[in-house]
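Written out below as structure tokens is the structure these notes cover.
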């Protein structure tokens with residue numbers, strides 16, 4: 028194995044880990060959003076399981092679908108510039124909207 032092949036294999040591993048990071052961060056933000064939302068509703072005394080399921084269907088499921096679509100685009104198109112740009116844009120828009128929701132929940136919790 029020559030030096031070029033070794034460097035190329037390391038670069039592929041690093042890119043794969045970067046893509047995984049772009050998938051794990053939004054999933055962690057989704058979980059944090061759900062937790063802070065539930066805590067805020069408990070604090071306000073308005074928590075109900077019916078509303079929780081509606082929240083999961085209306086607010087969480089679309090975000091999970093975005094993550095899945097971005098992952099599928101990456102898998103189908105391979106490690107191309109278009110795939111990397113779509114991941115950055117998709118996760119960037121996704122992250123900003125989730126962070127806004129988390130901040131609203133923290134505001135309701137007075138944290």
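In this note's numbering, the protein residues as written are 28 to 138.
We treat Cβ as the ideally placed atom computed from N, Cα and C, and that holds for glycine.
Inset, instruction - Note down the Cα distance separating residue 75 from residue 130, rounded to an integer number of angstroms. - result: 21 angstroms
Inset, instruction - Using a threshold of 7 angstroms, state whether the C-beta atoms of residue 132 and residue 81 are closer than that. - result: no
Legend entry - Helix, strand or coil at residue 76 according to DSSP, with G and I counted as helix: helix
Legend entry - Straight-line Cα distance separating residue 128 from residue 98: 23 angstroms
Legend entry - contact_flag[the region 55–71, the region 108–120] where n(CB pairs < 8 angstroms) is 3 or more: no
Inset, instruction - Apply the 10 Å Cβ neighbour rule to residue 125 and answer buried if 16 or more other Cβ atoms are within range, or exposed otherwise. - result: buried
Inset, instruction - Sort 111, 66 and 92 by Cα distance to residue 137 and report the nearest one. - result: 66
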